[in-house]
Every structure is written in C-alpha cells, then in structure tokens.
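Protein chains: 2
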Amino acid sequence: MSNRDLDARAALFKALGHPIRLLILSLIRLQPRHGEELAAILSLDPATISHHLTKLVEAGLLQSAKDQYYQTYSLSGALLNRTLAEIALLPQPALVPTVALDAYRAQVLDAFFTQGRLTHLPAQVKKQRIVLEKIAEDFDPHRDYTEREVNQILVDYHDDVAALRRALIDHGLFTRTQGIYHRQ
Amino acid sequence: MSNRDLDARAALFKALGHPIRLLILSLIRLQPRHGEELAAILSLDPATISHHLTKLVEAGLLQSAKDQYYQTYSLSGALLNRTLAEIALLPQPALVPTVALDAYRAQVLDAFFTQGRLTHLPAQVKKQRIVLEKIAEDFDPHRDYTEREVNQILVDYHDDVAALRRALIDHGLFTRTQGIYHRQ
DNA sequence: ATTCTGATTAGATAATTTTCTAATCAAATC
DNA sequence: GATTTGATTAGAAAATTATCTAATCAGAAT
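Residue numbers (the working numbering), protein chains in the order written: chain A, 2 to 185; chain B, 2 to 185.
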C-alpha cells in the first residue's frame, strides 16, 4: 500500500492514456519498428515520438534495442496480458478497511461532539450509530446497570438522556430487561 | 479504427491513470460508498472527489445510485476483467499495415527524388529498396529489355545507370541472363 | 416553509503533459 | 576526419488536468 506502488500502478495506466501511444503500440505489435518510421506513419515530429516511446518503455510496455542504424522498439509482452483489475485494485491488507472507517468516524465524531459533549443526535442512522458506539464505550459490557446509573453516565453527553437510552437500545447496543440495562 | 473508438480507449486508461482514482476504486470494491465518506477517508475536498468520481463513471468503471441521503457508487464490473491488450491494441484491419507502409514510403521517396529525378541512391538497404521498387514500376514485367533499353529508361532517373542496374539486380528486382534484362 | 446535508457545478489557479524547434549525441558512411 | 542520419535532450509555448473555494441544487428533516 506504499505510495511507490500506488504511483507505479497509476503511471502504467497513464502511459496507456494517450491515443497516439495506443497507435504506437498497435503498430509495433505488427512488427518491431523504429522511431523515424513511426513519425512518418503518424505524421508527427520525431522528438514527439521519442517522448511517447520513452513513456512506454518506462512503463515496461516496450523494450528497445539498437539495430544497425535504428533504435528498434518491440512489445514487452507480459504486462499487456494482465487484467485492469489486477493492476487497478490494490491488494487488501486487513488494515485498509479499518483505516478507512476510522477516518470517516473521526470526521463524524468531530462534527457532533464539542468538548466531549454531544451537540445533538445525528438524524442519519449511519452517523447516529457512530456517535452511539462512541458513547457505549463508557459502559462495561461485563456488568448490569440500573436506569439511574445509565442516566448518570449519559447526562455527561447530553441532557436528553431518555432519547439517548432509547437510541442505544434501538441500535442494539444495549438491552433492557425488567429495568436492568446491559451493554451488548 | 475511428478516432471515436481510439479516444474512448485512451480515455479509459486515462481515467485509471491517477493514484487517487485507484484508491477510490479499491475502497469501493470493499463496499459501495458515497462521496462524503470517500472525501473523509482520503482527506480531500468533496468537490475533488466528485470530479474523480465523474471521470470513473464516464469511463464506465463505476455506477451510481441515489440511496436515501447519499449518492452511492459501486463497481461496474465488466471492464475491469478485460486485459490491457484487449483495450490497448486496436483490431487490425488488413488496411493498417498498408497505410503505415505508404506513409513511410512516401517520406523516403520524397527525400530522394527531386522533380522525378533521383538525387542519389540511399545508403541504407531499407530505403534503397523503396527507391528501386519505385523505379522498377517503369518496366513491363511481361517483356525483355536489352541493356541499352534499360539504360534509356534509367538515365531519366540518374546519370550513373550502371549503379542503378547493379542495385536493381542485387535487390532481386531484375534478372539478367546473357545480356537480357527482365523485371521480376 | 425553512433548514440541513450531501452532491455537483462554476471559476480560478496550480501543476502536469503534449508538442514543437533547436541543439546535441552516437553510430555509420563517404 | 567530415558528414549524414536517426535518436534523444533542453527549453518554451500551448493544452489539459487537478484542486480548491464559492455558489447552486435536490432531497430529507424539523
């Protein structure tokens, strides 16, 4: 997941992302060719062709060899047989989803908490969940709580403790049986 | 081989040619996501994410659907399973090689002929061949020529008819048997 | 009806890429 | 050795792309 790797993948696609370079590859597939020839065929300046050829070589799509007068370019096969997915989609260390979730969670928490207190309960389920999970962390899942105990903790977050209690239960983060609360 | 097609192919690669867009695809592969979420994860402005998402959709790599609050993006699978070659290398109508050769030939002929006369015989075999084939067109392959007749035609191209005769034979464009010349 | 929220568009600026002309290089020919 | 020829590099102008701020839009919640 290093930047090195990521940028290299993008660079390969970038090398393919120009119509003239696709034409060059297609022409060279028929037979190895040299720059002058390509310049004549495509009606472009040899310097321009050289520029494109360099990019294709850097990307590993072409290889070149000196042949008498000419610098002859030929296809460097392996890469072209890969699928887009193999190159575009990064391998998924278990870590990625965690990092991803954390970033979003941090933004949401930041939006609804001010100095440790909840400004208001998010209207959206997705965000409500994040906020409630955060609050639930203050409870020990290994013991029971009376409603009064629950309220004492919740009031630090928001005055409307009843709404918070209800939301925690709706989200399945808490159970209540006969007036006794328990964090799931 | 239309420009339309060519540019569309290049555009697909161009869409993949940016590290952030690769990250977006990789994140969306894990689960469909909406723009805000991606912006938070990648620490970028929502407008920037929107711009990248638009490119990915235009390329046919993503599809989007309105989901309650969110515009949710998901992978649009098919394309990603293609190989680079399938998209980068153009189908080869028999025409392409001809067009290609003609362009190069035209350039060489233009370089060595001035007002129908050969300025000098190219040193390079590749170019010599092109020039000699052009000259050979002036001969009828269905009949024989004496050396004198050959010279009369060649002298219009260049004073050193002996060198031309020799080159034509070396290249196998002419045969000489007992002083009689014949175009192959 | 008004406000909120996520998404997109407009506009501006910065960064990158493409393309050419000139200059330079290196190998091959004369 | 001088010259030709194909290839590359330097440098600059033109075109494209990426990114942000602001403004706008559309759907949902109050």
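Quick reminder that beta carbons are idealized off the backbone N, C-alpha and C, glycines included.
B:SER27 belongs to the set of residues whose beta carbon lies under 8 Å from a beta carbon in chain A. Counting only residues of its own chain and dropping the five nearest sequence neighbours on each side, B:ARG30 has a CB closer than 7 Å to the CB of LEU76. Chain-ordered, the chain B residues with CB closer than 8 Å to the CB of A:THR84 read LEU81, ASN82, ARG83, THR84 and LEU85. In the displayed model, B:SER75 falls within a strand according to three-state DSSP. Chain A places no beta carbon closer than 8 Å to that of B:HIS159, leaving this residue out of the contacts.
Proximity of chain B to A:ARG30 at the Cβ level (cut-off 7 Å) is accounted for by LEU90, in chain order. Comparing alpha-carbon positions, the option among A:SER65, A:ASN82 and A:HIS143 lying closest to A:TYR74 turns out to be A:SER65. At the C-beta level, A:GLY36 and A:LEU24 stay beyond 8 Å of one another. Residues of chain B whose Cβ lies closer than 7 Å to the Cβ of A:GLN125 are, in chain order, TYR70. When 7 Å is used as the limit between beta carbons, A:PRO20 is near these residues of chain B: LEU7, ASP8 and ALA11, in chain order. For B:THR176, the enclosing beta strand (DSSP E) starts and ends at 175 to 178.
Comparing alpha-carbon positions, the option among A:THR84, A:ARG130 and A:ARG22 lying closest to A:VAL58 turns out to be A:ARG22.
For B:SER65, the uninterrupted beta strand (DSSP E) segment begins and ends at 63 to 68. Any Cβ of chain B closer than 8 Å to the Cβ of A:LEU17 would place that residue at the interface, and such an atom is present.
For A:GLN72, the CB contacts under 8 Å within the same chain, skipping 5 residues up- and downstream, are HIS35, GLY36, SER65 and ALA66 in chain order. Taking C-alpha positions only, B:ILE170 is separated from A:ALA41 by approximately 28 Å. A distance of 8 Å or more separates the beta carbons of B:TYR182 and B:GLU138.
According to the DSSP secondary-structure assignment, B:TYR158 is paired through a beta bridge with no residue. Residues of chain A with a Cβ closer than 7 Å to the Cβ of B:GLN64 do not exist; the shortest Cβ-Cβ separation is about 16 Å. Close to B:PHE14, with beta-carbon spacing below 7 Å, are these residues of chain A in chain order: PHE14, LEU17 and GLY18. With contacts defined as CB atoms closer than 8 Å, B:LEU63 and B:ILE50 fail to qualify as a contacting pair. When beta bridges are read from the DSSP output, B:ASP171 appears opposite no residue. When DSSP states are grouped into helix, strand and coil, A:THR84 belongs to the strand group. For A:LEU169, the closest Cβ of chain B is not nearer than 8 Å. The beta carbon of A:ILE136 sits closer than 8 Å to the beta carbons of LEU119, LEU155, TYR158, LEU165 and LEU169 from its chain, once the five residues preceding and following it are set aside; these are given in chain order. For the pair B:ARG83 and A:LEU85, the CB atoms are nearer than the 8 Å cut-off.
B:LYS15 and A:GLY18 do touch by the CB rule: their CB atoms are close to 4 Å apart, below 8 Å. In the three-state reduction of the DSSP assignment, A:LEU165 falls in the helix class, which pools H, G and I.
When DSSP reads this structure, B:ARG34 sits in a beta bridge with B:TYR74. Within the segment 109 to 154 of chain B, the complete beta strand (DSSP E) segments of 3 residues or longer fall at 145 to 147, listed in chain order.
Residue contact with chain B for A:GLN93: present (Cβ-Cβ distance below 8 Å to some residue of chain B).
The shortest C-alpha to C-alpha distance from B:GLY78 to any of A:LEU28, A:GLN69, A:LEU90 and A:TYR70 is the one to A:LEU90.
CA-to-CA, the gap between A:LEU7 and B:PRO20 works out to about 6 Å. Shown here for A:ARG177: same chain residues with a beta carbon closer than 7 Å to its own, the five before and five after excluded, namely ILE170 in chain order. Here the alpha carbon of B:VAL132 sits roughly 11 Å from the alpha carbon of B:ALA124.
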